[in-house]
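First up is the structure itself, then whatever we jot down about it.
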Amino acid sequence: MGVSRLDAMVIQSRSDSDLLVDTAQYETGLWAGWLYLLRDGDIDHPIISTTPVFNTAKEAKDAIQQMVDTIRVMGDDIFKEENVVKGEKP
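Laid out in structure tokens, this is it:
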């Protein structure tokens, strides 16, 4: 699961009340995690999602929350040149 710089900036710049961590169960019975941007309390659009590889909704939700927490902990370091994946434009 990768996150673009733009998505990371959105996650860093928004409060928890502007983001919704959610899950969805697929026909396979497995769960995926979703992160949505909210506008005026309603879903505006999805920011990131996982593939449906989790056995429970909690596992999927925890995976998305961990990514949000990691992005916030990294802060501006996420945009430093040494942290950019090769092939991506800085």
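Residue 729 in my numbering is what sits at position 17 of the sequence shown, and the numbering runs on without skipping anything.
Here a beta-carbon is modelled for each residue, glycine too, at the ideal position from N, C-alpha and C.
Cβ-Cβ separation, residue j to residue i (assumed contact under 8 Å), whole Å
i, j, result
"G753", "A775", "Actually they do not touch by this definition, with Cβ atoms about 25 Å apart."
"I760", "L747", "5 Å"
"V780", "L749", "About 12 Å separates the two Cβ atoms, so there is no contact after all."
Short Cβ contact (8 Å threshold) for residue i with residue j
i, j, result
"W743", "A772", "yes"
"Y738", "P764", "yes"
"A769", "T740", "no"
Cβ shell of residue i (< 8 Å), same chain only, five flanking positions each side left out
i, result
"R784", "I723 and Q724"
"L731", "I723, L747, Y748, L749, L750, I759 and V780"
Nonlocal neighbours in the same chain, by C-beta distance under 7 Å from residue i, ignoring five residues either side
i, result
"Q777", "V733"
Residue i Cβ short of 7 Å to the ligand GTP heavy atom set
i, result
"L732", "The ligand GTP is absent from the structure shown, which contains no ligands of any kind."
One or two residues paired with residue i in a DSSP bridge
i, result
"A736", "A744"
"L731", "L749"
Can you give, in chain order, each stretch of the beta strand (DSSP E) that sits fully within the stretch 748–776 and has at least 3 residues? Listed in chain order, they are 754–761.
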